[in-house]
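Working notes, beginning with the structure itself.
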Amino acid sequence: MRVPPFERYVKGMQMFGVLLLGIIIGAVIYNSIFMARFQALITLKSELEVQLEQYEQDIKGLKQFKNQHTVIKSVLPRIEKETGQKSGRPNLDQVTEAELIKRIKEDLSSFLGRSIYEIDSDARLARTLLERKVYSDVNNKDYSIEVKTALVVDNALQVWVAVRNYAKPPSS
Numbered sequence: 043m044r045v046p047p048f049e050r051y052v053k054g055m056q057m058f059g060v061l062l063l064g065i066i067i068g069a070v071i072y073n074s075i076f077m078a079r080f081q082a083l084i085t086l087k088s089e090l091e092v093q094l095e096q097y098e099q100d101i102k103g104l105k106q107f108k109n110q111h112t113v114i115k116s117v118l119p120r121i122e123k124e125t126g127q128k129s130g131r132p133n134l135d136q137v138t139e140a141e142l143i144k145r146i147k148e149d150l151s152s153f154l155g156r157s158i159y160e161i162d163s164d165a166r167l168a169r170t171l172l173e174r175k176v177y178s179d180v181n182n183k184d185y186s187i188e189v190k191t192a193l194v195v196d197n198a199l200q201v202w203v204a205v206r207n208y209a210k211p212p213s214s
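Counting from 43, one number per residue, gives the positions in the sequence shown under the numbering used here.
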């Protein structure tokens with residue numbers, strides 16, 4: 043039995059190789075576009091969940107304190123963004139930032155319904171409550187926060203915090 047000459051199929055094999063390479067490159071490009079759009083969708087979902095939760099809390103607070111005009115009706119924590127590479131602050135993704143804001147809101151929810159005229163004592167209380175507080179296991183990392191500013195505007199307590207990576211002290 044004879045083996046047919048392979049030289050007759052070289053052109054066809056080259057064409058098949060180019061076709062296969064094009065399929066692979068096309069799949070890689072399609073997958074990268076899909077992953078980028080999926081990541082954008084996850085980010086949008088987390089932002090919308092935070093907004094929805096904030097709106098639900100605002101509605102609940104407004105119903106509860108609708109006849110009281112001099113009380114704190116909502117708490118709006120804000121995370122200061124990184125200003126430089128030497129600041130030591132981590133770059134937070136949307137999901138981590140949303141989780142930290144949610145946890146800070148839970149800690150500061152005790153200020154809802156308090157008089158806005160007593161904000162100076164409340165600010166000291168918030169500062170001692172949250173000073174160097176460590177939030178563990180936020181997306182498998184630990185973060186410490188520090189309250190920078192507390193301000194009441196339109197019956198909303200706005201609190202600016204600085205977030206840093208928390209390094210666990212060595213156990214002795």
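All C-beta atoms, glycine included, are put in the ideal place defined by N, C-alpha and C.
Fair warning: this is a prediction, and the values are worked out from it, not measured in the lab.
Secondary structure of PRO104, DSSP reduced to three states
Per the sequence shown, residue 104 should be read as Leu rather than Pro. The answer is helix: DSSP assigns LEU104 an H, G or I state.
Do PHE153 and ILE263 count as a contact pair if the criterion is CB distance below 7 Å?
This structure cannot speak to residue 263, because the chain is shown only from 43 to 214.
THR138 to GLU148 span [Cα, whole Å]:
Straight-line spacing of the CA atoms in THR138 and GLU148 works out to 15 Å.
Looking at the strands, I want to know which residues DSSP matches up with LEU193.
Partner(s): GLN200.
Collapsed DSSP secondary structure at LEU118 in the structure displayed:
Note: LEU118 maps to strand in three-state DSSP.
When the Cα atoms are used, what is the spatial distance from PHE48 to LEU62?
Rounded to the nearest angstrom, the two C-alpha atoms are 20 Å apart.
Within the chosen definition, does the segment 98-113 reach the segment 48-57 through at least 3 CB pairs nearer than 8 Å?
No, because fewer than three Cβ pairs between the segment 98-113 and the segment 48-57 fall closer than 8 Å, the two stretches do not touch.
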